[in-house]
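Below: one structure, written as structure tokens.
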Amino acid sequence: MAQLIDGKAVSAQIKEELKEKTAKKKEQGVEISLAVIQVGNDPASSVYVNNKKKACEYIGINSIAYELPEETTEKELIDLVEELNERKDVNGILVQLPLPPHIDEDKIIKTISPKKDVDGFHPQSVGALCIGQPGFVSCTPAGIIELLKRNHIEIEGKECVVIGRSNIVGKPMALLLLRENGTVTVTHSKTKNLKEICRRADILIVAIGKPRFITEEYVKEGAVVIDVGIHRNENNKLCGDVDFESVEPHCSAITPVPGGVGPMTIAMLMNNCVESVD
Ligand code: NAD
């Protein structure tokens with residue numbers, strides 16, 4: 111049976127460590143504050159924003175919530191972000207995506223100061239990651255590296271295959287694995303022979319956005335499989351991009367959905383907030 115990589119346990123451990131660090135900083139007179147901006151009231155976004163606020167509260171980070179109406183203009187949002195960039199009492203700025211269609215997301219991301227870009231989406235943060243300089247790293251891929259390390263899964267020298275090349279998961283994931291000295295292949299919707307390439311992987315990271323797409327034919331015997339996907343199946347139960355039942359017997363380790371990668375994203379966001387005052 112494969113080792114279950116428990117993201118819930120690892121994220122709880124990280125949150126405890128961050129709580130301690132935050133308390134120590136408070137003793138030294140350093141407060142940490144995260145501004146969380148939501149435009150409109152998309153129900154999924156409201157759930158994510160609420161979870162982020164709760165995590166802040168648990169760790170001892172102040173969260174400053176901005177709940178803006180759907181009709182907020184791009185200019186109004188830019189003005190708010192610029193004001194928050196200047197405020198000394200705000201360390202991190204998070205704009206919950208997606209934004210309403212009349213607002214250009216790229217423009218908003220570029221407006222956030224890279225010093226406060228706790229989501230790691232600013233082009234300067236991505237560029238820094240690319241050339242190995244310090245900067246904030248996108249939370250989901252950073253969480254996956256942390257999951258691998260804390261489960262003693264070595265990356266150096268391993269064949270790592272990433273399925274997906276999105277800006278928030280696939281691309282930064284590939285760069286992080288490279289930084290850990292993995293031998294990295296990135297696959298995407300135009301890749302030929304996906305099965306063959308995946309079967310080379312010692313570590314297979316699946317961020318394809320298609321429920322239970324990856325079955326046992328994609329997985330080498332003994333591989334480590336990390337499932338980034340989150341979907342609701344026909345019975346309203348959560349499932350991933352990996353067909354867990356068929357893949358699990360062939361892996362040495364695998365993340366479940368839920369309870370695998372998901373909880374790590376918020377833990378790493380909190381980590382970025384704490385690092386924003388270092
Ligand atoms: P996305 O839709 O932006 O990207 C999907 C990628 O998969 C694309 O790069 C595309 O080229 C590739 N792809 C699509 N079809 C393919 C095919 N047939 N063969 C090979 N590659 C193919 O998705 P994303 O934002 O990267 O998210 C991926 C999944 O992860 C989604 O299910 C999303 O809900 C989930 N997600 C989870 C978390 C978390 O915290 N756990 C965070 C972000 C995203």
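For the record, in the sequence shown the residue sitting at position 76 is 186 according to the working numbering, with numbers rising by one throughout.
Beta carbons: idealized from backbone N, C-alpha and C, even for Gly.
Other residues of its chain near residue i: CB distance less than 6 Å, five sequence neighbours each side excluded
i	result
Phe323	Asp351
Pro332	The question names Pro, but residue 332 is Gly in the sequence shown. Around Gly332: Ser362.
Asn261	Ile115
Ser235	Pro224, Asp227, Gly245 and Phe246
Asn393	What is shown of the chain runs 111 to 388, which leaves residue 393 out entirely.
Glu290	Ile265
Phe231	Ile219
For residue j and residue i, the rounded distance between their alpha carbons
i	j	result
Lys163	Gly245	23 Å
Pro233	Gln123	30 Å
Gly170	Lys136	9 Å
Gly369	Asn382	21 Å
Gly117	Lys305	27 Å
Lys188	Leu209	The displayed chain sequence assigns Ile, not Lys, to residue 188. Straight-line Cα distance between these residues: approximately 13 Å.
Arg197	Leu190	11 Å
Lys220	Lys131	30 Å
Pro282	Ile213	24 Å
Ser155	Gln206	7 Å
Val296	Arg310	12 Å
Gly274	Ile307	13 Å
Residues near residue i in its chain [Cβ-Cβ closer than 8 Å; skip 5 each side]
i	result
Leu204	Leu144, Ala145, Val146, Ile147, Lys162, Val228, Asp229 and Leu379
Tyr168	Lys125 and Lys129
Continuous alpha helix (DSSP H) stretch holding residue i: start and end
i	result
Gln234	Pro233 to Cys240
Ile307	Leu304 to Cys308
Ile255	Cys249 to Arg260
Ile174	Ile174 -> not in any alpha helix (DSSP H); beta strand (DSSP E) instead, spanning Asn172 to Leu178.
Arg197	Arg197 -> no alpha helix (DSSP H), and no H or E assigned at all.
Gln123	Gly117 to Glu137
Asp227	It is not in any alpha helix (DSSP H) - Asp227 carries neither H nor E in the DSSP assignment.
Cutoff 7 Å; reference residue i; Cβ partners in own chain excluding five residues on either side
i	result
Lys320	Asp351
Val357	Ile324, Thr325, Glu326, Val329, Val335 and Ile364
Endpoints, the beta strand (DSSP E) within which residue i is located
i	result
Ala145	Ser143 to Val149
Val271	Glu269 to Ile273
Leu204	Gly202 to Val205
With a floor of 4 residues, list each alpha helix (DSSP H) that falls wholly inside the segment 347-378, ordered by position along the chain. Whole alpha helix (DSSP H) segments, 4+ residues: 354-357.
My parser needs the beta strand (DSSP E) runs of 3 or more residues fully inside the segment 294-344; what are they? Counting only runs of 3 or more, we get 313-316 and 333-337.
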